[in-house]
Each structure stands twice: as structure tokens, then as C-alpha cells.
Amino acid sequence: AACNSNPTPCKDPPDKLFTVHGLWPSNKIGRDPEYCKTRNRRKRAKTLEPQLEIIWPNVLDRTNHTGFWRRQWKKHGTCGYPTIQNENDYFETVIKMYITEKQNVSRILSNAKIEPDGQSRPLVDIENAIRNGTHNKKPKFKCQKNNGVTELVEITLCSDKNRAHFIDCPNPFLPGSPYLCPNISIQY
Numbered sequence: 016a017a018c019n020s021n022p023t024p025c026k027d028p029p030d031k032l033f034t035v036h037g038l039w040p041s042n043k044i045g046r047d048p049e050y051c052k053t054r055n056r057r058k059r060a061k062t063l064e065p066q067l068e069i070i071w072p073n074v075l076d077r078t079n080h081t082g083f084w085r086r087q088w089k090k091h092g093t094c095g096y097p098t099i100q101n102e103n104d105y106f107e108t109v110i111k112m113y114i115t116e117k118q119n120v121s122r123i124l125s126n127a128k129i130e131p132d133g134q135s136r137p138l139v140d141i142e143n144a145i146r147n148g149t150h151n152k153k154p155k156f157k158c159q160k161n162n163g164v165t166e167l168v169e170i171t172l173c174s175d176k177n178r179a180h181f182i183d184c185p186n187p188f189l190p191g192s193p194y195l196c197p198n199i200s201i202q203y
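Just so you know, we're using the working numbering here: the sequence shown kicks off at 16 and counts up by one.
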């Protein structure tokens with residue numbers, strides 16, 4: 016769906032699974048912080064890149080993962096201080112959250128027998144599956160229409176600032192937003 020909704024076609028479209036889009040510090044109210052001052056200059060270890068290529072690929076351009084990661088760090092990661100200490104800690108945190116803390120959305124949905132088969136389903140089925148995998152915490156959904164079909168593009172999982180527990184996601188898309196998911200007929 017991310018490739019379908021993008022004006023520029025994806026290069027080497029990825030498998031049908033959810034990958035990481037980012038780790039974004041946020042505020043419960045108001046806009047999320049962006050482009051904060053870097054306090055510790057420790058760079059991302061090259062040894063993390065094979066894992067990042069799997070869980071956090073640049074789905075719009077499979078030839079430029081590092082540029083995508085660099086933009087995510089500068090725009091969002093720098094605002095995670097003091098919880099996120101530096102660039103390396105940012106990427107290690109993403110890997111840990113995805114692999115060891117069960118934030119793999121595709122696996123959560125698969126465990127609920129919801130597969131990326133292009134079938135339309137009600138939002139409540141998807142939300143209940145995610146809630147079952149996150150201790151009943153509310154995710155945030157992003158949908159987009161493509162040729163009259165509403166496709167599920169993104170599922171956001173939220174955690175507390177210590178990254179220890181899931182929390183209900185703040186700031187859902189408001190009615191009228193082009194990203195608001197309808198209650199029925201979402202394709203995944």
C-alpha cells in the first residue's frame with residue numbers, strides 16, 4: 016500500500032509486510048518535535064546495517080537505506096534525548112523494539128490470522144488484533160485511497176518514554192484527514 020500511494024513508483028517493491036518507518040519521540044498534545052540539537056555524536060555502527068535493511072528498509076528506494084536512516088535520525092532521533100543517547104542508541108533501540116519487544120506488526124496480525132492477501136476487512140478486526148499483541152493499547156492507523164480502494168498504509172505503536180511499556184497512541188487522525196481509516200472495508 017505504501018508503494019501504491021506514492022507518486023513515484025517504488026524501486027524493487029518489498030514483500031507484503033509491515034516494516035519500521037521510524038522511531039519518533041512525540042508529545043501527547045501538539046506537534047511532535049523535529050530536528051533537535053545533537054548532544055552526543057556517536058554514529059551508527061555499520062554492524063547494525065544488515066538487521067536494519069530487513070526491518071527498516073527504504074521501501075521507496077531500496078538502493079538508499081542509509082540516506083533514509085540518516086534523515087530519520089536527524090529529523091526524529093535527535094529529539095529522543097535523554098532517553099535516546101546518540102545515533103547508535105537510536106538504531107539499537109529500533110532493533111530491540113522490533114525484535115525482542117514484539118513490535119513486529121506483521122507478526123501480530125498474522126497471529127490473529129490477518130494476512131496481507133488484499134482482502135477488505137473492518138477496522139475493528141485489525142485494531143483488536145493489534146490490541147491483543149500490545150496489552151490492549153490503542154494503535155494509530157494510516158490509510159490512503161488508491162483507485163477507490165482504501166488501503167492500510169501504516170500502523171503506529173506507541174510506548175512510554177522509557178520504551179518499557181506500550182501506551183495508547185495520542186493524536187489520531189481527525190475526521191476529514193486524507194489518512195483517516197474508515198470503520199469498514201480496509202484492504203490489507
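All C-beta atoms in this analysis are idealised placements derived from N, C-alpha and C, irrespective of residue type, glycine included.
Item	Value
Indicate whether isoleucine 141 and isoleucine 182 have their beta-carbon atoms separated by less than 9 Å.	no
Please say whether threonine 34 and valine 74 have beta carbons closer to each other than 9 Å?	yes
Could you tell me if histidine 150 is buried or exposed, where buried requires 16 or more neighbouring beta carbons within 10 angstroms of its beta carbon?	exposed
Would you mind reading off the limits of the alpha helix (DSSP H) that contains threonine 81?	80 to 90
Should lysine 188 and lysine 155 be called a contact, given that it needs their Cβ atoms to be closer than 9 Å?	A small correction: the amino acid at residue 188 is phenylalanine; lysine does not occupy that position in the sequence shown. In this structure, lysine 155 lies closer than 9 Å to phenylalanine 188 by Cβ.
Using a Cβ-Cβ cut-off of 6 Å (strictly less than) and excluding sequence neighbours within five positions of methionine 112, which residues of its own chain qualify?	Gln118
Using DSSP with H/G/I as helix, E/B as strand and the rest coil, what is glutamine 100?	coil
Given a cut-off of 9 Å on the beta-carbon distance, is the pair leucine 38 and tyrosine 105 in contact?	yes
For glutamate 169, which three-state DSSP category applies?	strand
Taking alanine 60 as the reference, which of Lys128, Tyr194, Tyr203, Glu102 has the closest Cα?	Glu102
Check the C-beta distance from cysteine 94 over to glutamate 49 and give it rounded, since I have them as a contact under 8 Å.	7 Å
Rounded to whole angstroms, what is the Cα-Cα separation between isoleucine 123 and arginine 86?	28 Å
From the DSSP secondary-structure annotation, give me the bridge partner or partners of valine 164.	Asn161
Of all the options Ile110, Leu67, Ile145, Asp47, which has the alpha carbon lying nearest to the alpha carbon of valine 120?	Ile145
To which residues of the same chain is tyrosine 194 closer than 7 Å at the C-beta, ignoring the five residues directly before and after it?	Lys157, Cys158, Gln159, Phe188
Taking proline 40 as the reference, give the member of Trp88, Val168, Ile170, Pro137 with the closest Cα.	Trp88
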